[in-house]
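First the structure, in the form of structure tokens, and then the observations on it.
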Amino acid sequence: MRLAERLNKLGIVHVLLNRLGLRYVITWLLHRLPLARRLPSGAKYRIRHVESFILASEVFGSGVYATAMPSKLATFVDIGCNTGYFCALVADITGSRGLRGLAIDANPAMYDETRWLLRVNGLDGVIAVNGLAASPGETRDAEFFISDSHIISSRFPQGEPGLPAKGRWHRIVVPSIDIETLWLRHVGDVPCELAKIDIEGGEADLVVPQNPFFKRVDSILLEWHDWIAPRAEMTRQLETMGFTLVSTLEDLPTRGVGLYRRQ
């Protein structure tokens, strides 16, 4: 386990970050002097938040997603894109800037980060969207909870069991998003070759047989969250939709990542 992930599991670290205000001090400094990083292909990303160190370690350092990424990919969607790092990873592995797809997050600050990343990498065919990926047919505004630690923001203000509290939850209201409608509008009536989904439990309501978007998806990289959407339930649901779990990329006590492919 990398250093950033180890520190994330220590309660004393979050006590210092929250009670002493270090989270805000460090983030304030990073906003003024962001750390710029470049991947082997030249794809760029930046670190402007304390938690982005952890996210960068998970996306770029752990190799969890990279092991399941095809070298040739034209279309994808990143649901729960956070800072957009996965988009940079796709661009890096494929070596393509002609990718097409959607990057969706309900946190307005993360939407802004993703827009920046897409722009500086010339990923003009990938559209950033601010809103909650909702159940099919849902059009009303929805409540969403932003955590002081942006990597756990969710529809559900529940931290991961066994881990220390990472600060307060802040309720906001965001638009509900119908992914199928957006895909048709911005990408077209074409397959989605890869859907990456990491929405802290919201996958249970989104990934359902009545959602027409998943009929056009070939492969799914799904992070399950056992305290809200258990792995076994998500796998059974996906099997009814014609997907098979072909690889478990990460298997932790309360969450994990699986690669599912259409049969």
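Just so we're aligned, residue 0 is where the sequence shown starts under numbering that gives the first Met the number 0, counting upward by one. Think of the CB as a built atom: it goes at the ideal place given N, C-alpha and C, for glycine as much as any other residue.
Next item on the list: Using the DSSP secondary-structure output, state which residues sit across from residue 43 in a beta bridge.
Entry: Per DSSP, 37.
Checklist line | DSSP-derived helix/strand/coil call for residue 222 | finding: Reduced to three states, the DSSP call for residue 222 is strand.
Item checked: Residue interval of the alpha helix (DSSP H) (run including residue 110) -> Unbroken alpha helix (DSSP H) run through residue 110: 107-119.
Checklist line | DSSP-derived helix/strand/coil call for residue 75 | finding: Residue state, collapsed to three classes: strand.
Next item on the list: Could you pull the start and end residues of the alpha helix (DSSP H) that residue 185 belongs to?
Entry: Residue 185: member of the alpha helix (DSSP H) spanning 178-185, first to last residue.
Next item on the list: With DSSP collapsed to three states, give me the class of residue 53.
Entry: Of the three classes helix, strand and coil, the one that applies to residue 53 here is helix, per DSSP.
Margin query: Assuming residue 191 and residue 172 are in contact, meaning their beta carbons sit under 8 Å apart, how far apart are those beta carbons, in whole angstroms?
Written below: The pair is not a contact, with the Cβ atoms about 28 Å apart (cut-off 8 Å).
Margin query: Could you check whether residue 89 and residue 110 sit closer than 9 Å to each other, using their CB atoms as the reference points?
Written below: Judged by their CB atoms, residue 110 and residue 89 are not nearer to each other than the 9 Å cut-off.
Check: DSSP state of residue 239, grouped into three classes?
Finding: Residue state, collapsed to three classes: helix.
Checklist line | Residues bridged to residue 255 [DSSP beta-bridge criterion] | finding: Paired residue(s): 223, 250.
Next item on the list: State the start and end residues of the unbroken beta strand (DSSP E) segment that holds residue 203.
Entry: Where residue 203 is concerned, there is no enclosing beta strand (DSSP E), although the alpha helix (DSSP H) it sits in stretches over 202-205.
Check: Would you call the CB atoms of residue 220 and residue 258 closer than 9 Å?
Finding: Inclusion of residue 220 and residue 258 in the CB contact set at 9 Å is warranted, their separation being smaller than that value.
Next item on the list: Mind reading off the beta-carbon distance from residue 142 to residue 118? Whole number of angstroms is fine, and I expect it under 8 Å.
Entry: Residue 118 and residue 142 do not touch by the CB rule: their CB atoms are close to 30 Å apart, not below 8 Å.
Notebook entry, point to check: In the DSSP assignment, what are the bridge partners of residue 144?
Noted result: Under DSSP, residue 144 takes part in a beta bridge, and its partners are 153, 170.
Next item on the list: Tell me whether residue 98 is buried or exposed, calling it buried when 16 or more other Cβ atoms sit within 10 Å of its Cβ.
Entry: Per the 10 Å Cβ criterion, buried.
Note to self: When you compare the stretch 62-80 with the stretch 39-54, are there three or more beta-carbon pairs, one atom per stretch, that lie closer than 8 Å?
What the structure shows: The stretch 62-80, when compared against the stretch 39-54, does not touch it at the 8 Å Cβ threshold.
Next item on the list: For my contact list, residue 86 and residue 125 are in at a C-beta cut-off of 8 Å; report their separation, rounded to the angstrom.
Entry: That belief holds up - the Cβ atoms of residue 86 and residue 125 are roughly 6 Å apart, short of 8 Å.
Notebook entry, point to check: From 188, 108, 39, 121, pick the residue whose C-alpha is nearest to that of residue 263; which is it?
Noted result: It is not possible to answer for residue 263, since the shown part of the chain is limited to 0 through 262.
Next item on the list: Find out if the Cβ-Cβ distance for the pair residue 76, residue 182 is shorter than 9 Å.
Entry: For residue 76 and residue 182, yes; Cβs fall inside 9 Å.
Margin query: Rounded to whole angstroms, what is the Cα-Cα separation between residue 201 and residue 154?
Written below: Residue 201 and residue 154 have their C-alpha atoms spaced approximately 7 Å apart.
Notebook entry, point to check: Taking the C-alpha atoms as reference points, what is the distance between residue 28 and residue 35?
Noted result: About 14 Å.
Margin query: Is the separation between the beta-carbon of residue 222 and that of residue 179 shorter than 9 Å?
Written below: The Cβ atoms of residue 222 and residue 179 do not sit closer than 9 Å to each other.
Margin query: DSSP has residue 244 in a bridge; who is on the other side?
Written below: For residue 244, which the question treats as bridged, DSSP gives the partners 259.
Notebook entry, point to check: Among 160, 218, 131, 225, which has the Cα closest to the Cα of residue 74?
Noted result: Looking only at 160, 218, 131, 225, the smallest Cα-Cα distance to residue 74 is reached by 218.
Check: By Cβ distance below 6 Å, which residues in the same chain neighbour residue 135 in space, the five residues on each side in sequence not counted?
Finding: Here the set comprises 209, 210.
Margin query: On the criterion of 16 or more Cβ atoms from any shown chain inside 10 Å, does residue 238 qualify as buried, or is it exposed?
Written below: Classification of residue 238: exposed, given that the 10 Å Cβ count is below 16.
Margin query: Could you compute how far the alpha carbon of residue 41 sits from the alpha carbon of residue 94?
Written below: Distance between the alpha carbons of residue 41 and residue 94: 9 Å.
Next item on the list: Drop a sphere of 10 angstroms on the beta-carbon of residue 101, count the other beta-carbons inside from all chains shown, and report buried for 16 or more, exposed for fewer.
Entry: Classification of residue 101: buried, given that the 10 Å Cβ count is 16 or more.
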